[in-house]
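The sequence shown maps to residues 1 to 631 in full-length UniProt numbering. We treat Cβ as the ideally placed atom computed from N, Cα and C, and that holds for glycine. These notes concern the structure reproduced below.
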Amino acid sequence: MLEKIREGSQGTIVKVVLGAVILSFALAGVGSYLGNPTELLAAKVNDQKIYSQALENGVRDERMRLEQQLGEQFDLMASNPAFEQQIRASVLEKLITEALFDQAVAKNGLSVGDEQIRQAIVNMPGFQQDGVFDNELYLSLINRQGYSAASFREMMRADMSRRQFVSGVLGSDFVLPSEVDRIDALLNQTRSVRYWKIDTAKLAADVIPTEEQVQTYFDAHQYMYQQPEMVSVDYLHVDADALARDIEISDEEVADYYEANSALYRTAAERRASHILFENSDEGREAALKVQAELAAGSDFAEMATTYSTDSFSAENGGDLDWFAAGVMGDAFDDAVFGLEKEGDISQLVETPFGLHLIQVTGIRPEATKPLADVADDIRAEQQRNAALERYYELQEEVTNLAFEMPESLDDIASETGLSVQSTDSFSQANPPAAIADPQVIRAIFSEQVLRDRLNSDPIELAEGQLMVVRVKEHQPARAKTLDEVKPQVAKVVAMEVAAEQANEIADQYLAQLKQGETPLIEAQQPITLLTESGFARDSMELDRAVRDRAFAMSKPAETAQFDKVTASNFVAVIALDEVVEAQGEERDGRLQQALEQNQSQTAYMALVNALKAQAEIVYIEQEAAQSDEF
């Protein structure tokens, strides 16, 4: 048979066919080099290309930054596709802005010299060890980020050039002292008002909306009454802590463990010592012998340490080195300390790499072993935890295998493993019950596999010793609620709207009376309160925020009060602004000037970016591709 194939492959027709196939592959290969760029573009800024790979790298870095900043909340936010799109759009705009700055830098002939770059790198704290630039650390860190020394320098050059350009443009901004004084006076201004507060909630209590009013409002606002996608789920939860509670550890097992691991409960012998340190030189040795003689004559060791020790840190405490075990201070030092028999003994002169020491033992703790009674509870808890983890890992493997073999049922897995199937009530993605409120679990529940195909989720490891498998029990797609479902809520809203209209009518009447110089009379049955507030500031919490903000938006009264009204969510108020008091003699706040300068710089920065964008030709290639895919 092989011989026949070989003979057939020599035929003219076969050769022609093979030649055509080979040629088509060759042309396709050439076409892939000539017709398709090796790198896809995300955008173009004039003639400068922004590659998709640069965008992906930027998105990755931004995601890492946000994950560190937001912690567990990031996982929940990241499950929303709109959040991911927002990150991509933000990073792309940043890359476009950098390209605009690069072009402006080139156009204006700005540059940063090699020495400036070298100094900037040398002064970066991240490249220093003990305050000194470490070249090996520098190379290690930049290589880990995918840079060579040359490419990192060029990245720094570009970044410093952009900063030079931006600071050159924005550095001319300033705030005049008179501007700071004027704004400071406005911020510290106080005002006094009277206001008539009309309670719309109390008015609404007497309003009975008609069926027509309710229906009309519902028809116009049906978008507000949506039921989100709802699910209820069954789940299996493998919990090592719960397993531990069911495990009994006998007293005999605890005692056996204690005997076998007695070293864990043994405390090594410790000594507390003080020392006097001298330089290891002829002068140091001479000084040490002199101090040694004075100690022998009865001088106080702590006083001598404070006076003569070159170890300034311990000298402040009379030479005290606190408690330590053998093996901490070095062989010679340890031998001397642990060779002294009782508290107060002083060693002979001890030589170590640090210098010459005179040492006094100030405390002795012999080796000790904690009794079984003191550690029995800890041993029992530890053994329970170990046994529970062992059982947990067995269940983890068993559940993982069964979830794959039986993807359409949790009951079968439960019967095989002895676990219990637990259930939840219906909930939305934004409001899960506490038992399953983990971002990984929520993503799994609303995944294609679990929600659409109605299969078990893959096992989800929540934390060490925590495993969950979920399955959708019932699914309700998002829908518009009917009027019957929300009629009480709609009626309440309509009543509040009618009450607000009534309150505004009363307010208009009061406003007209005040402007005519009359004082409005409050009728007994009306839900109206006259309130007075004097000398309140912009951040005052002593009156309603809506009244406060409107009062500060009103013109300063001249001879008579100024009048206005404000509508809030649950009241309408008529305001009489009686007095405005300017702040006097206040010392200028340096923080205010700094805040104004920062605000002005931010405004100028955005204006600069917008001006550069207006003069440039910017093509968003990635967005255009995404839109074409939608169609």
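| field | Continuous alpha helix (DSSP H) stretch holding S314: start and end | value | Residue numbering aside, residue 314 sits at position 314 when the sequence shown is read from its first letter. Element bounds for S314: 312–315.
| query | Any idea if R60 is buried or exposed, counting beta-carbon neighbours within 10 angstroms, 16 or more meaning buried? | reply | Counting from 1 along the sequence shown, the entry for residue 60 is found at position 60. Burial call: exposed.
| Close-in-space but distant-in-sequence residues of the same chain around L187 (CB under 7 Å, 5 per side omitted) | The residue given as residue 187 occupies position 187 in the sequence shown. Within the same chain, L187 has close Cβ partners R538.
| message | For the structure I just gave you, are there three or more beta carbon pairs, one from the segment 314–327 and one from the segment 274–286, closer than 8 Å? | response | yes
| task | Please go through the same chain and pick out, in chain order, the residues whose beta-carbon is closer than 8 Å to the beta-carbon of D425, but skip the five residues on each side of it. | result | Mapped onto the sequence shown, residue 425 falls at position 425. Cβ neighbours of D425 beyond the five flanking positions: S232, P433.
| request: For the segment 220–265, list the beta strand (DSSP E) runs that are entirely contained and at least 3 residues long, ordered along the chain. | output: 230–239
| task | Quick one: using the 10 Å Cβ neighbour count with 16 as the cut-off for buried, is S281 buried or exposed? | result | Indexing the sequence shown from 1 puts residue 281 at position 281. So S281 counts as exposed.
| message | For T306 and G284, what's the separation of their Cα atoms in angstroms? | response | Within the sequence shown, residue 306 is the residue found at index 306, counting from 1. Within the sequence shown, residue 284 is the residue found at index 284, counting from 1. Roughly 16 Å separates the two Cα atoms.
| Continuous alpha helix (DSSP H) assignments of at least 4 residues falling wholly in the segment 400–449 | 411–417, 439–445
| Identify the residues that DSSP records as bridge partners of A480: which are they? | Along the sequence shown, one-based indexing puts residue 480 at 480. Paired residue(s): Q226.
| query | Roughly how many angstroms separate the alpha carbons of E56 and R194, rounded to a whole number? | reply | Within the sequence shown, numbered from 1, the residue matching residue 56 stands at position 56. Within the sequence shown, numbered from 1, the residue matching residue 194 stands at position 194. Cα-Cα distance, rounded: 59 Å.
| query | Where does V21 fall in DSSP's three states? | reply | Numbered from 1 along the sequence shown, position 21 holds the residue referred to as residue 21. For V21, the predicted model reports a pLDDT of 36, less than 50, meaning its position is unreliable; a value from the coordinates is still stated below. Of the three classes helix, strand and coil, the one that applies to V21 here is helix, per DSSP.
| message | Between the alpha carbons of S161 and I117, how many angstroms are there, rounded? | response | Reading the sequence shown from its first residue, position 161 is the one you call residue 161. Reading the sequence shown from its first residue, position 117 is the one you call residue 117. So the alpha carbons of these two residues sit roughly 10 Å apart.
| message | Taking 6 Å as the limit between beta carbons, can you name the residues of its chain near F404, skipping five residues before and five after? | response | Numbered from 1 along the sequence shown, position 404 holds the residue referred to as residue 404. Result list for F404: empty, nothing under 6 Å.
| query | Is L521 helix, strand or coil when you go by DSSP? | reply | If you number the sequence shown from 1, residue 521 lands on position 521. Reduced to three states, the DSSP call for L521 is coil.
| field | Limits of the unbroken beta strand (DSSP E) element including A463 | value | Residue 463 sits at position 463 when you count from the first residue of the sequence shown. Unbroken beta strand (DSSP E) run through A463: 460–463.
| field | Where the beta strand (DSSP E) containing T352 begins and where it ends | value | As a position in the sequence shown, residue 352 is number 352, starting the count at 1. Residues 350–352.
| query | Does the segment 199–218 touch the segment 390–401, meaning 3 or more C-beta pairs lie closer than 8 Å? | reply | No: fewer than three Cβ pairs fall under 8 Å.
| request: Closer than 6 Å by C-beta to M77: which residues in its own chain qualify, once you throw out the five before and the five after it? Chain order, please. | output: Along the sequence shown, one-based indexing puts residue 77 at 77. If we look at M77 and ignore the five residues flanking it on each side, its Cβ neighbours are F83.
| query | Going by other Cβ atoms of all chains shown within 10 Å of its Cβ, with 16 needed for buried, is K197 buried or exposed? | reply | Translated into the one-based positions of the sequence shown, residue 197 becomes position 197. Buried, because 16 or more other Cβ atoms sit within 10 Å of the Cβ of K197.
| Coil, strand or helix - M329 by DSSP | Start at 1 with the first residue of the sequence shown, and residue 329 comes out as number 329. DSSP places M329 in coil when its eight states are reduced to three.
| said: Can you give me the C-alpha to C-alpha distance between L41 and A54, rounded to a whole angstrom? | reply: Position 41 of the sequence shown, counted from the first residue, corresponds to residue 41. Position 54 of the sequence shown, counted from the first residue, corresponds to residue 54. Each residue's Cα considered, the two are about 9 Å apart.
| query | So what's Y510 in DSSP terms, helix, strand or just coil? | reply | Counting from one through the sequence shown, the residue named residue 510 turns up at place 510. In this structure, Y510 counts as helix in the three-state DSSP scheme.
| Can you check whether the CB of Y308 is closer than 8 Å to the CB of A336? | Your numbering for residue 336 matches position 336 in the sequence shown. Your numbering for residue 308 matches position 308 in the sequence shown. No, Cβ-Cβ distance for A336 and Y308 is not below 8 Å.
| said: If I follow the unbroken alpha helix (DSSP H) through L137, where does it start and stop? | reply: Taking the sequence shown and counting its residues from 1, one reaches residue 137 at position 137. Looking at the DSSP string, the run of the alpha helix (DSSP H) that includes L137 is 135–144.
| message | Please tell me whether P407 and L455 are closer than 8 Å, where the distance is taken between their beta carbons. | response | Translated into the one-based positions of the sequence shown, residue 407 becomes position 407. Translated into the one-based positions of the sequence shown, residue 455 becomes position 455. Cβ distance < 8 Å, so P407 and L455 count as in contact.
| task | Grab the span of the beta strand (DSSP E) containing I87 for me, first residue to last. | result | Taking the first residue of the sequence shown as 1, we reach residue 87 at position 87. Counting along the chain, I87 falls outside any beta strand (DSSP E), though it belongs to the alpha helix (DSSP H) covering 81–107.
| request: Would you mind sorting M606 into buried or exposed? The rule is 16 or more other CB atoms within 10 Å of its CB. | output: To locate residue 606, count along the sequence shown from 1; it is residue 606. Per the 10 Å Cβ criterion, exposed.
| message | Pairs of beta-carbons, one from the segment 209–228 and one from the segment 472–480, closer than 8 Å: are there three or more? | response | yes
| message | I'd like to know if the segment 488–504 and the segment 255–262 are in contact, where contact means that at least 3 CB-CB pairs between them fall below 8 Å. | response | no
| In chain order, what residues of the same chain have a beta carbon less than 7 Å from the beta carbon of I247, not counting five sequence neighbours either side? | Reading the sequence shown from its first residue, position 247 is the one you call residue 247. Here I247 has Q384, A387, A388 as same chain residues with Cβ atoms under 7 Å from its own Cβ, once five neighbours each way along the sequence are excluded.
| Three-state secondary structure (DSSP) at F324? | Numbered from its first residue, the sequence shown carries residue 324 at position 324. F324 falls in the strand class under three-state DSSP.
| request: Evaluate Y235 with the Cβ neighbour count: other Cβ atoms within 10 Å of its Cβ, from every protein chain shown; 16 or more gives buried, anything less gives exposed. | output: Looking up residue 235 in the sequence shown gives position 235. Looking at its Cβ environment, which holds 16 or more other Cβ atoms inside 10 Å, Y235 is buried.
| Looking only at C-alpha atoms, which of S420, V421, A435 sits nearest to F427? | Locating residue 427 in the sequence shown gives position 427, counting from the first residue. Per the Cα distances, A435.
| message | Rounded to whole angstroms, what is the Cα-Cα separation between I87 and Y223? | response | Mapped onto the sequence shown, residue 87 falls at position 87. Mapped onto the sequence shown, residue 223 falls at position 223. Answer to the nearest angstrom: the Cα atoms are 28 Å apart.
| task | Please work out which residues of its chain come closer than 7 Å, Cβ to Cβ, to K613, disregarding the five sequence neighbours upstream and downstream, and give them in chain order. | result | The residue you call residue 613 lines up with position 613 of the sequence shown. Only L100 meet the Cβ criterion.
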